[in-house]
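Report on one structure; see the data block that follows.
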Amino acid sequence: MLFYNTIFPETLVLLKQLQNEDILAEMRLVGGTSLALQIGHRISVDLDLFGTLKGDSISLNKMLTTLKKTESLQQTENIHIYNINNIKVDIVNYPYPWLKSPLMQDGITLGAIEDIAAMKLSAITGRGSKKDFIDLHFILERYTLGELITFYKQKYSNGSIFQVLRSLAYFDDAEEEPMPRMLVNTDWEEVKKTISIKLREYLTSTDADI
383 MLFYNTIFPE TLVLLKQLQN EDILAEMRLV GGTSLALQIG HRISVDLDLF GTLKGDSISL
443 NKMLTTLKKT ESLQQTENIH IYNINNIKVD IVNYPYPWLK SPLMQDGITL GAIEDIAAMK
503 LSAITGRGSK KDFIDLHFIL ERYTLGELIT FYKQKYSNGS IFQVLRSLAY FDDAEEEPMP
563 RMLVNTDWEE VKKTISIKLR EYLTSTDADI
C-alpha cells in the first residue's frame, strides 16, 4: 500500500504521466517522495527519477515540451532538472547499481528503501539537509546503521565510509532549515539524538567498518 496523502494530487498525476513515457520507462522514483509514498512519514513535493534514460537530451526535451509549463533549470550530460507545472523534477542518468528490484504499484515504479537509504547517506555526505536527516531517522526504524553502511558500500564501491560516519555527526548545515511538513509527530532534537546514538552504537560495535 502506498501513502498517497504524502504527495499532492497534481504531483501524482505528473509522476504517472512521466513514468508512462517510453524514454523514462527504466526510471525509478527515488528520494524523499519515494520514501514518503512507502512509509507515510511526511509531505514531499519534488520528483526524483533515476535510472537509464532511453534516449538523449534532445529527445527528452522534445517529449517534455508537450507538457504544460515546462521550464529547463539545469542540463548536463547526465542530469536534467525541470520545473514542470510548478513541480521540480530531476531526471538523472544513474550509473550506480540497484540493490533491489523496484516496487511497482498503481502504475508507479519506485526505488526500494534499501537503495534510497544508500542514496540518503550519499546526500548527507555531500551536504546534509534537514529532510535527509529526518528521512534517515525513519529509515533507522527499519534497518540498523550497520545495514545501511552495507547498502552504501554495495552501491558506491569507491565511497568513503569515514566521510559518511563523519557527516552523520554534523548537523550545522541543517539547523536553520525549516521542518518539512510531517505526518508523523517528529521533533528535530529527537532526530539528532537518535542518529547520534545509532552512530555511537555502530562505532563501538565489533562490526564497525571505518
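Be aware that the sequence shown starts at 383, since it is given in the working numbering, and climbs by one per residue.
All C-beta atoms in this analysis are idealised placements derived from N, C-alpha and C, irrespective of residue type, glycine included.
Span of the alpha helix (DSSP H), counted from its first residue to its last, around residue i
i: K537; result: 527-537
i: L581; result: 570-585
i: L485; result: No alpha helix (DSSP H) contains L485, which is instead part of the beta strand (DSSP E) from 485-487.
i: P391; result: 391-401
i: D404; result: Careful: D404 lies outside any alpha helix (DSSP H) and carries neither H nor E.
i: V566; result: V566 -> no alpha helix (DSSP H), and no H or E assigned at all.
Assigned exposure category for residue i - 16 Cβ within 10 Å defines buried
i: E496; result: buried
i: F544; result: exposed
CB-CB length for residue i against residue j, believed under 8 Å
i: F498; j: V573; result: It should be noted that the sequence gives Ile, not Phe, for residue 498. Not really, about 17 Å apart at Cβ, beyond 8 Å.
i: I521; j: F515; result: That pair is no contact at about 11 Å.
i: P562; j: I425; result: 7 Å
i: M409; j: L431; result: 4 Å
Residue interval of the beta strand (DSSP E) (run including residue i)
i: I469; result: 469-475
i: F515; result: No beta strand (DSSP E) holds F515; the alpha helix (DSSP H) holding it covers 512-521.
i: Y464; result: 461-466
i: S454; result: 452-457
Beta-carbon proximity check, residue i vs residue j, cutoff 8 Å
i: K436; j: A407; result: yes
i: T415; j: L396; result: no
i: K482; j: L527; result: no
i: S439; j: I405; result: no
i: D517; j: L417; result: yes
Those residues which DSSP pairs with residue i across a bridge
i: F432; result: R410, V474
i: L492; result: L411, L485
i: M664; result: Absent from the model: residue 664. The displayed extent of the chain is 383 to 592, so no value can be given.
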